[in-house]
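K.L.:
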Amino acid sequence: MPSRRPTLTTQLLAINTLLIAATVIATIAAANLDTSSPSQRGQYGVLVAGILATVLANGFFLRRRLAPLQAIIETMEHVDLSEGGLRASGPADTEEVARLHAAFNRMMDRLELERAEAADAVLRAQEDERARLARDLHDEVNQALTAVLLRLQATTLAAPPELAAELHETQAVATQAMGELRRLAHELRPTALDDLGLAAALRSQVDQFGAKSQIETRLVMNGDVDDFREDEQLVVYRVIQEALSNAARHAQARHVTVTVRRRGARGVVQISDDGRGIDPQAIRGHGLAGMRERARQAGGRLDVLSTPGGGTTIELELGRTAPSAPRQARRAWA
501 MPSRRPTLTT QLLAINTLLI AATVIATIAA ANLDTSSPSQ RGQYGVLVAG ILATVLANGF
561 FLRRRLAPLQ AIIETMEHVD LSEGGLRASG PADTEEVARL HAAFNRMMDR LELERAEAAD
621 AVLRAQEDER ARLARDLHDE VNQALTAVLL RLQATTLAAP PELAAELHET QAVATQAMGE
681 LRRLAHELRP TALDDLGLAA ALRSQVDQFG AKSQIETRLV MNGDVDDFRE DEQLVVYRVI
741 QEALSNAARH AQARHVTVTV RRRGARGVVQ ISDDGRGIDP QAIRGHGLAG MRERARQAGG
801 RLDVLSTPGG GTTIELELGR TAPSAPRQAR RAWA
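Be aware that the sequence shown starts at 501, since it is given in this note's numbering, and climbs by one per residue.
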């Protein structure tokens, strides 16, 4: 554990106190004060009181003048680029503090821009890879399984009765594998989203999830859901996909409600379940970081409301009329 260093305020106060004490001692020596004399003892007491008052005033003003530096240190300690929006604020009554504010805010602007560009590149690469895998599964693996199934059907017709039953079972396995393959390809790249729009894609997504998970799932859509921008539609689809997956794998939910509301340029998506909730210590898990990043890339925000045993609600807000105000320093600037 590193040793605790004295603060700049403490060091300056100690130096100033030593200088004041040295000045007073030199003054006493030069004036040749006799502390045995009652009158001079009174003068000496006044002098000591003046020293104490000067030291206290010095400490007060030092702390006040150095408060902006302490505040920006605390702000930097709480920087979290995954949240974004943290900026230095408050009165800048000296040139140095104003320059420090400006430099810190420029640095945060640059870091957030670089992070956003990197995250956007990663998400685009992920979607491109998903699309490539979906094409490969459909064009190559699915066709190979289709050929195997056709060959099995032809072989079954010519096979002796004692082998026909086993061949029929093999056909059933191949058919099941093809169905699972189509499901995986659809999850990797939802063709319904490209061909039919968001509303149809969400209906298909929710229906398939309910049938597979045996969780009672309800979809409510208000407004023109297909009016979301193309990038927003993909964000809505992926966030709902991840939230439904969490409800099935982690939440032990029995009921899930997906609500999509669109009004003007604004859109809100809510996925609520009656499961066991999310442990606050694990709130960054369960794919939530990826969901938040997708929301940020589309200019929106994602919030998670959950208590252990009380269910979970994931809310995605898109198309806000005004960007969220930058987060201010956690300590007021003095």
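For each residue, glycine too, the CB sits at the ideal point set by N, CA and C.
Roughly how many angstroms separate the alpha carbons of R630 and V622, rounded to a whole number?
P.N.:
Computed Cα separation, rounded: 12 Å.
K.L.:
Taking all protein chains shown into account, do 16 or more other C-beta atoms lie within 10 angstroms of the C-beta of W833, making it buried, or fewer, making it exposed?
P.N.:
Summary for W833: the model assigns pLDDT 28, below 50, so the residue's position carries little reliability; its value from the coordinates is reported in the next sentence. Flag for W833 reads buried.
K.L.:
Would you say the segment 726 to 741 touches the segment 765 to 776, given that touching needs at least three Cβ pairs under 8 Å?
P.N.:
yes
K.L.:
Can you give me the C-alpha to C-alpha distance between A692 and D636, rounded to a whole angstrom?
P.N.:
18 Å
K.L.:
Going by C-alpha distance, which of A699, A747, A567 and Q676 is nearest V597?
P.N.:
A567
K.L.:
Does the count of Cβ pairs from the segment 673 to 688 and the segment 639 to 649 closer than 8 Å reach three?
P.N.:
yes
K.L.:
Pull up the CB-CB distance for I715 and A748, whole angstroms please, since I reckon it's below 8 Å.
P.N.:
6 Å
K.L.:
Classify N746 as buried or exposed, calling it buried when 16 or more other Cβ atoms lie within 10 Å of its own Cβ.
P.N.:
buried
K.L.:
Do you know how far the Cα of A526 is from the Cα of L835?
P.N.:
The structure shown has nothing for residue 835, since the chain only spans 501 to 834.
K.L.:
What residue from L613, A659 and Q708 has the CA that sits closest to E680's CA?
P.N.:
Q708
K.L.:
Can you tell me the Cα-Cα spacing of G809 and R624, whole angstroms?
P.N.:
Looking at the two C-alpha atoms, the distance is approximately 36 Å.
K.L.:
Could you tell me which whole alpha helix (DSSP H) segments of length 4 or greater appear in the segment 571 to 643?
P.N.:
595 to 636
K.L.:
Just confirm the distance between the C-beta atoms of G559 and L613, as a whole number of angstroms; I'd bet it's less than 8 Å.
P.N.:
That belief does not hold up - the Cβ atoms of G559 and L613 are roughly 41 Å apart, past 8 Å.
K.L.:
Between H668 and the rest of its own chain, which residues show a CB-CB distance below 7 Å, the 5 nearest in sequence each way excluded?
P.N.:
T656
K.L.:
Which word fits G764, buried or exposed, when buried means at least 16 other C-beta atoms lie within 10 angstroms of its C-beta?
P.N.:
exposed
K.L.:
Compute the distance between the beta-carbons of L468 and R729, then report whether it is under 8 Å.
P.N.:
Lying before the first or after the last residue shown, residue 468 is absent from the chain, which here runs from 501 to 834.
K.L.:
Please report how far the alpha carbon of R682 lies from the alpha carbon of L600, in whole angstroms.
P.N.:
57 Å
K.L.:
According to the neighbour-count rule (16 or more other Cβ atoms, all chains shown, within 10 Å of its Cβ), is R651 buried or exposed?
P.N.:
Per the 10 Å Cβ criterion, exposed.
K.L.:
Among A634, G787 and M721, which has the Cα closest to the Cα of L744?
P.N.:
G787
K.L.:
Please report the distance separating the alpha-carbon of K712 from that of V706.
P.N.:
10 Å
K.L.:
Answer with buried or exposed for R606, where buried requires no fewer than 16 other C-beta atoms within 10 angstroms of its C-beta.
P.N.:
exposed
K.L.:
If you follow the alpha helix (DSSP H) that T759 is in, where does it begin and where does it stop?
P.N.:
Careful: T759 lies outside any alpha helix (DSSP H), inside the beta strand (DSSP E) at H755 to R763.
K.L.:
Between the beta-carbon of Q741 and the beta-carbon of G775, is there less than 8 Å?
P.N.:
no
K.L.:
On a CA-only basis, which of T575, M608 and V725 is nearest D697? Give me that one, please.
P.N.:
Note on residue identity: the sequence assigns Gly, not Asp, to residue 697. In this structure, V725 is the residue among T575, M608 and V725 with its C-alpha nearest to the C-alpha of G697.
K.L.:
Taking the beta strand (DSSP E) that L805 falls in, what are its first and last residues?
P.N.:
R801 to S806
K.L.:
Would you check if the distance between the CB atom of Q797 and the CB atom of D620 is smaller than 8 Å?
P.N.:
yes
K.L.:
Would a C-beta distance cut-off of 8 Å place L688 and A616 closer than the cut-off?
P.N.:
No, the Cβ-Cβ distance between L688 and A616 is not below 8 Å.
K.L.:
Is the Cβ-Cβ distance between D727 and R762 less than 8 Å?
P.N.:
yes
K.L.:
Could you tell me which residues DSSP pairs with E468 in its beta bridges?
P.N.:
There is simply no residue 468 to check, as the chain begins at 501 and stops at 834 in what is shown.
K.L.:
Report the partner residues of V720 according to the DSSP bridge assignment.
P.N.:
Answer by DSSP bridge pairing, in chain order: T759.
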